[in-house]
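K.L.:
If you use my numbering, the sequence shown closes out at 539, no skipped numbers anywhere.
Don't be surprised by glycine CBs; every beta carbon is placed ideally from N, CA and C.
Below: one structure in structure tokens.
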Amino acid sequence: MKNRLHKWRLLSLFAMIALILSGCGKPFLSTLTPAGEVAQTQFDLMVLSTAIMVLVILVVTVMFIYVIFRFRRKKGDENKIPKQVEGSHKLEIIWTVIPILLLIVLTVPTVSYTFALADVSPMEKKDKDGKTKDALVINVRANLYWWEFEYPDEGVITSQDLVVPTDQRVYFNLKASDVKHSFWIPAVGGKMDTNTDGENQFFLEFDGESAEKVKNQFYGKCAELCGPSHALMDFKVETKSPEEFDQWISDMKSAKAPKAEDGLAKQGEEVFNKSCIGCHAITPNDSRPEQARRAPNLSNFGERSKIAGVMDHSEEDLKNWLEDPEKYKPGNKMTGTYGDLSSEQLDALTAYLMDLKVENK
């Protein structure tokens with residue numbers, strides 16, 4: 179008896195913990211606070227399917243409890259055989275039609291929304307220069323363990339920070355350069371795989387009011403197990419009004435390679451040009467082919483809020499990352515690159531990188 183009571187206590191405790199944790203989460207990283215057309219559609223389907231399941235469970239539970247009490251064995255009826263009901267056409271029709279109706283209720287909107295969310299036809303409308311006419315297209319390339327975002331019609335490339343306008347559809351071409359990954363912004367829409375042997379396409383829409391509530395910042399993640407640092411493959415999403423986004427694109431297109439002026443940063447620029455420039459670019463209008471872009475674009479590194487997507491943006495954390503990237507992101511391709519740098523060179527390189535910002539000239 180004591181063992182049973184103990185097990186029930188543990189079960190009750192775990193149930194309470196699960197209930198509490200189900201309410202945890204942050205609005206910029208939660209599927210339960212939809213912040214766009216796609217997220218709201220998927221959330222509505224989730225609510226509908228959950229409601230149907232709960233309804234079925236409740237009906238079955240009520241019937242089960244009713245049968246237990248209504249037809250339980252009573253004293254004096256041990257040898258009495260109740261009336262046997264077999265082959266009732268009415269019952270068979272009822273328990274066949276009801277599930278069919280429930281499936282129809284769930285299937286019709288699911289199929290309808292599936293086709294609607296898969297419509298990327300605006301991406302195919304090109305002007306005479308080969309640019310997309312009426313849609314913003316972003317090429318997303320997933321790498322071990324970082325993200326690249328290319329705005330092909332604008333000639334702009336960023337890494338780790340995705341910048342998008344609010345209240346309009348943004349179309350994505352998704353691919354991977356090494357292994358399969360998955361692009362996912364939980365609060366804005368469901369995940370989509372990035373493959374090495376083909377492109378996936380879909381669209382998202384970022385609601386302006388929802389974006390203001392989270393200070394115009396969402397977070398995205400890789401949702402496909404891709405290696406030892408899969409859980410650390412994050413990126414930031416910054417939302418802007420359409421007017422602010424146009425200004426940002428203009429600034430990025432006209433940006434030039436920064437020139438270090440401070441003595442320490444000047445030394446860091448020399449270190450960068452010897453050790454880093456082969457993989458990293460420092461201008462957002464990088465014209466190198468995709469194969470040459472083997473590491474994140476650092477043009478706006480000084481303006482970021484995270485280092486490597488997961489570390490605080492501080493000089494101390496940047497030095498820690500440069501000294502031992504493997505410690506913070508196991509399996510990343512930068513491991514071992516900066517092992518021979520002295521502490522003075524690390525200080526100089528840190529000063530230079532923290533000063534990298536987009537300048538409109």
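Output the distance between the C-alpha atoms of alanine 433 and leucine 476, rounded to the nearest integer angstrom.
P.N.:
13 Å
K.L.:
Within the 8 Å Cβ cut-off, does cysteine 454 reach chain C?
P.N.:
Note that chain C does not occur in the displayed structure, where there is just one protein chain.
K.L.:
So, are the CB atoms of lysine 414 and aspartate 339 less than 8 Å apart?
P.N.:
yes
K.L.:
Check each candidate in Ala365, Phe361, Glu383 and Phe384 and name the one with the smallest Cα separation from asparagine 373.
P.N.:
Phe361
K.L.:
Could you have a look at asparagine 538 and say whether DSSP puts it in helix, strand or coil?
P.N.:
Any reading at asparagine 538 needs caution, since the residue's pLDDT is 49, under 50, leaving its predicted position unreliable; the model's value is listed next. In the structure shown, asparagine 538 sits in a strand (DSSP, three-state: E or B).
K.L.:
Since glycine 151 is in the beta strand (DSSP E), which residue starts that stretch and which ends it?
P.N.:
With the chain represented from 179 up to 539, any question about residue 151 goes unanswered, as that position is not in the structure.
K.L.:
Along the chain, where does the beta strand (DSSP E) containing leucine 382 start, and where does it finish?
P.N.:
Following the DSSP letters along the chain, one finds leucine 382 inside the beta strand (DSSP E) bounded by residues 378-383.
K.L.:
Can you tell me the Cα-Cα spacing of valine 232 and asparagine 463, whole angstroms?
P.N.:
Cα to Cα, valine 232 sits roughly 53 Å from asparagine 463.
K.L.:
So cysteine 404 and valine 357 are supposed to be a Cβ contact under 8 Å. How far apart are they, rounded?
P.N.:
The C-beta distance from cysteine 404 to valine 357 rounds to 5 Å, short enough to fall under 8 Å.
K.L.:
Give me the Cα-Cα distance between lysine 185 and leucine 191, rounded to the nearest whole angstrom.
P.N.:
10 Å
K.L.:
Leaving out five residues on either side along the sequence, give the residues of the same chain with a beta carbon under 6 Å from the beta carbon of asparagine 538.
P.N.:
With a pLDDT of only 49 at asparagine 538, under 50, the local geometry of the prediction cannot be trusted, and the value read off the model is given with reservation. Here the set comprises Asp429 and Ser432.
K.L.:
Between tryptophan 426 and tyrosine 291, what straight-line distance do the alpha-carbon atoms span, to the nearest angstrom?
P.N.:
33 Å
K.L.:
Tell me whether the beta-carbon of leucine 280 lies closer than 8 Å to the beta-carbon of isoleucine 230.
P.N.:
yes
K.L.:
Where isoleucine 272 and lysine 304 are concerned, what is the direct C-alpha to C-alpha distance, given to the nearest angstrom?
P.N.:
54 Å
K.L.:
If you reduce the DSSP assignment to three classes, tell me which class threonine 528 lands in.
P.N.:
Under the three-state reduction of DSSP, threonine 528 is assigned to helix.
K.L.:
Out of Leu189, Asp525, Lys511 and Gln346, point me to the one whose CA is closest to valine 449's CA.
P.N.:
Asp525
K.L.:
In this structure, how does DSSP classify leucine 352 when only helix, strand and coil are distinguished?
P.N.:
Three-state result, leucine 352: strand.
K.L.:
Have a look at Thr209, Gln445 and Gln469 and flag the residue whose alpha-carbon is nearest the alpha-carbon of alanine 529.
P.N.:
Gln445
K.L.:
Considering just the uninterrupted stretch of the beta strand (DSSP E) at glutamate 390, what are its terminal residues?
P.N.:
That residue, glutamate 390, is in no beta strand (DSSP E); its alpha helix (DSSP H) goes 386-391.
K.L.:
Can the beta-carbon of arginine 472 be found closer than 8 Å to that of alanine 459?
P.N.:
no
K.L.:
Can you give me the start and stop residues for the alpha helix (DSSP H) that glycine 441 sits inside?
P.N.:
441-453
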